[in-house]
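Engineer: Once you've had a glance at the structure underneath, I'll fire off some questions.
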Amino acid sequence: MSADARFPSTLRVRAHEPMKRHTSFGVGGPADLWVEVRSLPALRLALETANRLGIPRTVMGHGTNTLVADAGIDGLVIYNRYQDFNAHPANDFVRVASGHSMARLAGRCARLGLGGLSFAIGVPGTVGGAIYGNAGAFGSDVAAVLTSARVWRCGHESEVPASDFDFGYRQSNLHDDDKEPVVLAASFRVQPADPAVLRRELLALARRRRATQPLGQNAGSFFMNPDGDYAGRLIEAAGLKGHELGGAFVSPIHANFLSARPGGTATDVLDLAIAVRERVARASGVRLTPEVRLLGRWNSHARALFK
Ligand SMILES: Cc1cc2nc3c(=O)[nH]c(=O)nc-3n(C[C@H](O)[C@H](O)[C@H](O)COP(=O)(O)OP(=O)(O)OC[C@H]3O[C@@H](n4cnc5c(N)ncnc54)[C@H](O)[C@@H]3O)c2cc1C
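Sequential numbering of the sequence shown, starting at 1, is according to this note's numbering.
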């Protein structure tokens, strides 16, 4: 049963869903409306209904790169759990739904003896979120392995070649598109490889991650690395490793990981991020650019993160 009668009951739309349940920061206020979709028809139906009703909508994956405002999000949040997977080893590619986990994709391909996607073990989000932000780890990224993706745009669908996403460092042209296109599925290039070798590679990469990155309520690197330097190094050099402000703190393990404490708020994280950015600018002259996406009803204070 849908909490909003304008939506088909099969969609089971909920009202006032707390976004802190659906983001790795574990903070953020309610989505006016929220729906979990587990198939392509459900994803399309949610998009088409919001479109027809003129309701703003946000497609989210695992919420591992987003800071949602304490005041919540307008309209419908679509929590994408569409996770189909098809291997086409003879043609050297895999086809994956946009709600599939990147880390699970790395594991699946390794078991099938398909190489090229091991870096994805380091990306906790979905395929859709990874394409949106050209996610990368361990020296590779989406841009290096994506061949094409199916994209929904205002009710029309097309298969878009990878070269048309204008990928850059943690960037794609999905960011600046006011039509808010949605990735439905994607094809990634793979090569035949020994499953035992791939398995060892994944274990080594996962071990490396565990040794260098903190657990807890964070979204990975908060700021992008500036040209020729590391945001973490600059934050540490500004004396901010372990720095606390309200219900948020800079990780004492990795200075570019800003974390919320249990009970902390999105505003606490924002205030900390603004303070870190100002201190780094004063100490080094570098103005860091956030990698994390701010979603929802932020007030004008949030602009200080981008000035
Ligand atoms: C511990 C930790 C470690 C991390 N390490 C890395 C790392 O090594 N490298 C790295 O790149 N990132 C890293 N991240 C950040 C994050 O995992 C990636 O940015 C990831 O790609 C986000 O995917 P998501 O599904 O969680 O996206 P979300 O946070 O849900 O969404 C992010 C943005 O993508 C948009 N989006 C989501 N799905 C779609 C879709 N289907 N179509 C169009 N737009 C969509 C959303 O609207 C939003 O604007 C890390 C995060 C954590 C918590």
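Each residue gets a CB set at the ideal place from its N, CA and C atoms; glycine is no exception.
Does the count of Cβ pairs from the region 219-236 and the region 27-38 closer than 8 Å reach three?
Structural biologist: These segments do not touch.
Engineer: What's the gap between the Cα of V280 and the Cα of S259?
Structural biologist: Sequence index remark: in the sequence shown, residue 280 carries index 280 (1-based). Sequence index remark: in the sequence shown, residue 259 carries index 259 (1-based). So the two alpha carbons sit approximately 18 Å from each other.
Engineer: Which residues bound the alpha helix (DSSP H) around R279?
Structural biologist: As a working mapping, residue 279 is identified with position 279 in the sequence shown. Where R279 is concerned, the enclosing alpha helix (DSSP H) stretches over A266 to S284.
Engineer: Kindly indicate which three-state DSSP category M19 falls into: helix, strand or coil?
Structural biologist: Within the sequence shown, the letter at position 19 stands for residue 19. Correct three-state label for M19: helix.
Engineer: Flag M60 as yes when its Cβ comes closer than 7 Å to any non-hydrogen atom of ligand 1, and as no otherwise.
Structural biologist: Within the sequence shown, numbered from 1, the residue matching residue 60 stands at position 60. Within the cutoff, so yes.
Engineer: Quick check on R233: does DSSP put it in helix, strand or coil?
Structural biologist: Locating residue 233 in the sequence shown gives position 233, counting from the first residue. In this structure, R233 counts as helix in the three-state DSSP scheme.
Engineer: Using the three-state DSSP reduction, which class does L240 fall into: helix, strand or coil?
Structural biologist: Within the sequence shown, numbered from 1, the residue matching residue 240 stands at position 240. L240 falls in the coil class under three-state DSSP.
Engineer: Expressed to the nearest angstrom, what Euclidean distance is found between the alpha-carbon atoms of L245 and A275?
Structural biologist: Reading the sequence shown from its first residue, position 245 is the one you call residue 245. Reading the sequence shown from its first residue, position 275 is the one you call residue 275. Rounded to the nearest angstrom, the two C-alpha atoms are 9 Å apart.
Engineer: Exposed or buried, which one is T49 when buried takes at least 16 other CB atoms within 10 Å?
Structural biologist: As a first step, residue 49 is located in the sequence shown; it is residue number 49 there, counting from the start. Burial call: buried.
Engineer: Check V292 in the structure and name its three-state DSSP category.
Structural biologist: Counted from its first residue, the sequence shown places residue 292 at position 292. Of the three classes helix, strand and coil, the one that applies to V292 here is coil, per DSSP.
Engineer: Under a three-way DSSP split, which group does V123 fall into?
Structural biologist: Your numbering for residue 123 matches position 123 in the sequence shown. In the structure shown, V123 sits in coil (DSSP, three-state: anything other than H, G, I, E or B).
Engineer: Could you tell me if G339 is buried or exposed, where buried requires 16 or more neighbouring beta carbons within 10 angstroms of its beta carbon?
Structural biologist: The displayed coordinates of the chain run from 1 to 307. Any statement about residue 339 would go beyond what the structure contains.
Engineer: Could you check how far apart the C-beta atoms of H22 and G63 are, in whole angstroms? I think they sit under 8 Å.
Structural biologist: As a first step, residue 22 is located in the sequence shown; it is residue number 22 there, counting from the start. As a first step, residue 63 is located in the sequence shown; it is residue number 63 there, counting from the start. About 5 Å; that satisfies the 8 Å criterion.
Engineer: Using a Cβ-Cβ cut-off of 6 Å (strictly less than) and excluding sequence neighbours within five positions of F7, which residues of its own chain qualify?
Structural biologist: The residue labelled residue 7 in the question sits at position 7 within the sequence shown. Result list for F7: V13 and T49, in chain order.
Engineer: Using a C-beta cutoff of 8 Å, does V68 count as contacting chain B?
Structural biologist: Any reference to chain B falls outside this structure, which holds one protein chain only.
Engineer: Does DSSP put E48 in a helix, a strand or coil?
Structural biologist: As a first step, residue 48 is located in the sequence shown; it is residue number 48 there, counting from the start. In this structure, E48 counts as helix in the three-state DSSP scheme.
Engineer: I need the DSSP call for R12, collapsed to helix, strand or coil.
Structural biologist: Within the sequence shown, the letter at position 12 stands for residue 12. Reduced to three states, the DSSP call for R12 is coil.
Engineer: Run through the region 77-118 for me and flag every whole alpha helix (DSSP H) of 4 or more residues, listed as ranges in chain order.
Structural biologist: Listed in chain order, the complete alpha helix (DSSP H) runs (minimum 4 residues) inside the region 77-118 are 102-111.
Engineer: Let's see if you can read the secondary structure: which residues bound the beta strand (DSSP E) around P30?
Structural biologist: Position 30 of the sequence shown holds residue 30. P30 to V37 is the extent of the beta strand (DSSP E) around P30.
Engineer: What do you reckon, is the C-beta of V182 under 7 Å from a heavy atom of ligand 1?
Structural biologist: Numbered from 1 along the sequence shown, position 182 holds the residue referred to as residue 182. Under cutoff, so the answer is yes.
Engineer: State the DSSP-derived secondary structure class of E201, mapped to helix, strand or coil.
Structural biologist: One-based indexing of the sequence shown puts residue 201 at position 201. If DSSP states are grouped into helix, strand and coil, E201 belongs with the helices.
Engineer: So, using beta-carbon positions, are S187 and F249 closer together than 8 Å?
Structural biologist: Mapped onto the sequence shown, residue 187 falls at position 187. Mapped onto the sequence shown, residue 249 falls at position 249. Their beta carbons are not under 8 Å apart, which means S187 does not touch F249 by this criterion.
Engineer: Looking only at its own chain, which residues have a Cβ that is under 6 Å from the Cβ of Q213, when we skip the five neighbours before and after it?
Structural biologist: Mapped onto the sequence shown, residue 213 falls at position 213. Within the same chain, Q213 has close Cβ partners H254.
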